[in-house]
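To convert, note that position 217 of the sequence shown is 217 in full-length UniProt numbering; the numbers rise steadily by one, no gaps. Ideal Cβ positions, reconstructed from N, Cα and C, are used throughout, including at glycine. This one's a predicted model, so the numbers in the text were calculated from it and none came from an experiment. As structure tokens, the structure follows; a few thoughts come after it.
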Amino acid sequence: MVLELPSHEGRKSTGRIRRKNEELIVNAAKEEFALKGYDGATIDSIAKRAGLPRPNIHYYFDSKLALYGDILSGIVDLWDDALNDLEPTDEPAAALTEYIQRKLMFSRRYPLDSRIFAKEILSGAPRLETYFERGYRPWFERKVKVFQEWAEQGKMDSIDPAHLMFLIWSSTQHYADFEAQIGAALGVKSLGDWEFDAAAQTLVSVILKGVGIHPTD
């Protein structure tokens with residue numbers, strides 16, 4: 001089933017109790033979707049995790065798809081907004097450093113969101129078909145053109161801009177999607193300040209130097 005992602009613009013204000021209950025349901029749903037994927041999660045399992053009766057879930061969300069759509073919409077809004085901040089007039093060293101750090105911050109603060117998105121993509125993105133078909137490619141090309149313009153200005157090496165973006169996405173989201181593996185390799189139960197600080201320093205250094213940018217530029 002193709003999912004129509006709802007817009008976050010123009011949403012009506014809601015009462016405190018409603019917001020609290022919706023947050024409780026969404027948080028429980030994220031746990032279920034991140035663990036089991038869309039097909040594996042059920043309204044019953046979400047209700048059980050939230051500690052609410054099943055009818056309460058349907059009171060706030062018409063269906064599992066509607067709940068999943070609300071969560072996916074929040075994820076893509078968060079990630080797209082970060083990419084929208086990159087501008088040709090920015091200094092590459094500062095802008096790329098900030099973008100890499102923000103993407104790592106998302107992996108740390110919202111690991112469930114990253115895993116939900118990853119599961120959706122790995123399943124063939126059946127519920128993101130419309131999202132990807134309606135202007136996604138032109139939007140993406142406009143965003144990564146920033147790298148091309150920096151190269152034309154002599155501020156970085158000329159590289160394939162799309163694949164640079166894929167590299168940044170994969171390396172930063174790895175710390176959320178593969179946290180268990182990284183924790184086992186580093187001998188920690190969960191990733192904390194030290195691990196994410198080390199990741200940021202490493203990724204910034206490797207990526208910037210790899211495209212001919214010096215952090216002190």
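Should the segment 66-73 be regarded as contacting the segment 18-36, the criterion being three or more beta carbon pairs within less than 8 Å?
yes
What ranges does the alpha helix (DSSP H) occupy inside the segment 80-133, keeping only unbroken runs of at least 4 residues that lie completely in it?
92-109, 111-122, 129-133
Are there 16 or more other CB atoms within 10 angstroms of the CB of ILE57, so buried, or fewer, so exposed?
buried
Taking all protein chains shown into account, decide if ALA180 is buried (16 or more other Cβ within 10 angstroms of its Cβ) or exposed.
exposed
Secondary structure at ILE213, three-state DSSP: helix, strand or coil?
coil
Taking the C-alpha atoms as reference points, what is the distance between GLU152 and PRO92?
12 Å
When you compare the CB positions of SER63 and ALA176, do they come within less than 7 Å of one another, or not?
no
Jot down the residue ranges of each uninterrupted alpha helix (DSSP H) in the segment 120-203, minimum 4 residues, whole runs only, in chain order.
129-133, 136-152, 161-177, 179-186
With a Cβ-Cβ cutoff of 7 Å, do THR97 and VAL204 count as a contact?
yes
Could you give the DSSP three-state label for PRO55: helix, strand or coil?
helix
State the CB to CB distance for the pair MET156 and VAL211, rounded to an integer number of angstroms; the pair is presumed to be in contact (CB under 8 Å).
5 Å
LYS119 and GLY37 closer than 7 Å at C-beta:
yes
Cβ neighbour criterion (16 or more within 10 Å) applied to TYR99
buried
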